[in-house]
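*Asks:* Before anything else, here's the structure in question.
In the working numbering, the protein residues as written are 175 to 329.
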């Protein structure tokens with residue numbers, strides 16, 4: 175699973191619209207706190223992207239480090255502070271991006287069994303020239319096998 179921020183296919187106008195709709199969704203249900211609103215996008219006939227609401231989670235998601243990397247914000251700390259009754263230290267209008275971040279997560283799920291998480295032994299991991307992968311030697315594994323985040327920030 176690859177998470178990338180900022181997305182190279184989301185224009186500033188689309189990002190602003192998604193942000194506006196995310197705030198509106200939280201306000202509509204009276205939610206106060208750290209959370210995640212997810213959207214999915216599809217190309218239109220004109221080549222633009224149209225987005226749709228997927229879900230709102232009243233917690234940070236596993237991919238939050240990509241946001242932390244490009245904003246310099248500690249979202250976990252903010253979540254704890256908001257839970258303790260403190261206000262957020264910045265407004266949405268004050269959020270700025272700097273650089274680019276990518277997170278890669280390796281999952282151990284069985285596509286032949288409804289993508290259920292799998293545990294047990296893994297054969298190993300090889301990446302071929304085309305980027306495809308396969309298991310190769312026995313090792314212990316968990317459903318979320320590995321997570322790596324990297325960022326390039328401009329100063």
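Quick reminder that beta carbons are idealized off the backbone N, C-alpha and C, glycines included.
1) Which residues share a DSSP beta bridge with residue 176?
2) Start and end of the alpha helix (DSSP H) containing residue 251?
3) Verify whether the separation of the beta carbon atoms of residue 212 and residue 228 is less than 7 angstroms.
4) Give the range of the beta strand (DSSP E) segment to which residue 217 is assigned.
5) Among 222, 225, 249, which one has its Cα closest to the Cα of residue 235?
6) Checking 7 angstroms against the spacing of the C-beta atoms, do residue 244 and residue 273 come in under that value?
7) By how many angstroms is the C-alpha of residue 218 removed from the C-alpha of residue 239?
8) What does DSSP give as the partner residues of residue 224 in its beta bridges?
9) Taking 7 angstroms as the threshold (C-beta atoms), are residue 177 and residue 237 in contact?
10) Pick from 185, 206, 181, 292: whose alpha carbon is nearest that of residue 332?
11) Taking just the CA atoms, how far does residue 199 sit from residue 216?
12) Apart from the five residues on each side of it in sequence, which residues of its chain come closer than 7 angstroms, Cβ to Cβ, to residue 262?
13) Per the DSSP calculation, residue 284 is bridged to which residue(s)?
14) May I ask you to list the residues that DSSP assigns as paired with residue 230?
15) According to DSSP, simplified to helix, strand and coil, what is residue 237?
*Replies:* The answer reads as follows:
1) 278
2) Counting along the chain, the alpha helix (DSSP H) containing residue 251 begins and ends at 249–257.
3) Against a cut-off of 7 angstroms, the Cβ pair of residue 228 and residue 212 comes out as a contact.
4) 210–217
5) Ranked by Cα distance from residue 235, the first of 222, 225, 249 is 249.
6) yes
7) 30 angstroms
8) Per DSSP, 216.
9) For residue 237 and residue 177, yes; Cβs fall inside 7 angstroms.
10) There is simply no residue 332 to check, as the chain begins at 175 and stops at 329 in what is shown.
11) C-alpha separation (whole angstroms): 20 angstroms.
12) 252, 256
13) 290
14) 211
15) Three-state DSSP puts residue 237 in coil, outside helix and strand.
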